[in-house]
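Presented below is the structure to which this report refers.
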Amino acid sequence: MCSVVLRLVGLSSRRLRLLPDGIQVSLASKSGRFLSTDSSSTIENDSSKVEEAETMNTPPPPSEKILVLGGNGFVGSHVCQEALANGLSVCSISRSGRSSLKESWANNIIWHEGDLLLPESWKDVLNGVTSVISCVGGFGSNSHMYKINGTANINAVKAASEKGIKRFVYISASDFGFVNYMLKGYYEGKRATEKELFSNFPYGGVAFRPGFIHGTRKVGNMNIPLSLIGSPLEMVLQHAKPLSRVPIVGPLLAPPVHVKSVAKVAVRAATDQVFPPGIIDVYGIKRFSNN
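Position one of the sequence shown corresponds to residue 1 (full-length UniProt numbering), numbered consecutively onward.
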């Protein structure tokens, strides 16, 4: 005996008899969804033997939400713009809260006022965040520089790790030889943050070490064209990498890099799961920004 079952949709229950072949065709089901043929006998509807296929509702992949620390600063504002351009949801924490920039992109950022030195005041902002980019830094006395470049960022790294966030990108700074000793608190803070970063994010921590970052910097109502100096130097020094190994003066020959290049690779590192963890120097920043 040979029996074939075919699924049909939208057929009402009815029986067709095909003569003279003697083949009886029955279209019947609880909802009219299967057809059976039997060359010897009529097969009545047996809904208990038919299982309806169910449509699987697969939830959409979670959207990327980036938290930018220091998003109203020179580098941070460009990181925010780059993230928005990539269709990402962006929020930012800074001591002054909402950016004072009168630009349309700023309206698409969720601004939070908070002090990284007081983690309990902003930890809730980490809810739903998939990656963090820290652009926090500053100058002043050695103790102040260590607090801003070190302690504040270390607090952010620890809080993000405790929250289960997988990727953390830190805008650090290139070594400048003897300048490091003149800005001891600045560089000690940066390096302490890097150490904490790689301890908590061995596979998702990236520290960028640019030198002089140029572009148009907005200070109040003024636009400071840093590229007037940075762009020519970048063109000259980008081919002088072998000279960077020269003792004492070598580190000073690191080429400047445009702020948009830094922002581009920072967002990529925060969202690309295969972006290599570790320290990326200025030459690596330029290479990744050109890919």
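Quick reminder that beta carbons are idealized off the backbone N, C-alpha and C, glycines included. Keep in mind the model is a prediction, meaning the values are calculated, not measured.
Opposing strand residues paired with residue i [DSSP bridges]
i    : result
N225 : The question names Asn, but residue 225 is Pro in the sequence shown. Bridge partners of P225: T216.
D281 : R209
V257 : I213
Rounded Cβ spacing between residue i and residue j (contact assumed at less than 8 Å)
i    : j    : result
P277 : Y203 : 6 Å
A159 : K184 : Contact flag wrong, Cβ pair sits at about 26 Å.
I133 : G189 : Their Cβ separation, rounded to whole angstroms, is 18 Å, which puts I133 and G189 out of contact at 8 Å.
S131 : A270 : 4 Å
L116 : A156 : 5 Å
H78  : V259 : 5 Å
I165 : E196 : I165 to E196, Cβ: 14 Å. No contact.
V206 : V169 : 5 Å
V125 : G114 : 7 Å
I72  : S96  : It is worth fixing the name first, because residue 72 is Asn in this sequence and not Ile. The pair is a contact, with the Cβ atoms about 6 Å apart (cut-off 8 Å).
Same chain, Cβ closer than 8 Å to residue i, five either side skipped, listed in chain order
i    : result
S174 : R209, P210, G211, P251, A254, D281, V282
S141 : G185
V129 : K65, I66, L67, C91, A160, K163, I165
L69  : G76, S92, I93, S94, L116, V132, I133, S134, C135, V136, N153, A156
S121 : G114, D115
Q81  : W105, A263
F139 : M145, L183, Y186
S143 : G185
N108 : L84, V90
F176 : G211, P251, L252, A254
K241 : Y283
K102 : none
Opening and closing residue of the beta strand (DSSP E) in which residue i lies
i    : result
C91  : 89–94
A207 : 205–209
N-terminal and C-terminal residue of the alpha helix (DSSP H) that residue i is part of
i    : result
N153 : 152–162
Residues near residue i by beta carbon distance below 7 Å, same chain, minus five either side
i    : result
G230 : F212, H214, P256
T55  : Reliability fails at T55, whose pLDDT of 39 lies under 50, so the model's placement of it is uncertain and no value is given.
H239 : none
F198 : G205
F275 : V206, R268, A269
Proximal residues to residue i (C-beta, below 6 Å), its chain only, five neighbours per side dropped
i    : result
L237 : L253, P255
V265 : I285, F288, S289
A83  : I66, V90, V267
R98  : W111
R217 : F74, I224, L226
F201 : F168
L233 : P256
G150 : G189, A192, T193
L88  : E64, I66
N221 : none
(message) Could you tell me which whole beta strand (DSSP E) segments of length 3 or greater appear in the stretch 57–144?
(response) If only complete runs of 3 or more residues are kept, the stretch 57–144 shows the beta strand (DSSP E) at 65–69, 89–94, 110–113, 131–134, in order along the chain.
(request) Go through the stretch 168–197 residue by residue and report every complete run of the beta strand (DSSP E) that reaches 3 residues or more, in order. (result) Taken in chain order, the complete beta strand (DSSP E) segments of 3 or more residues contained in the stretch 168–197 number zero; there are none.
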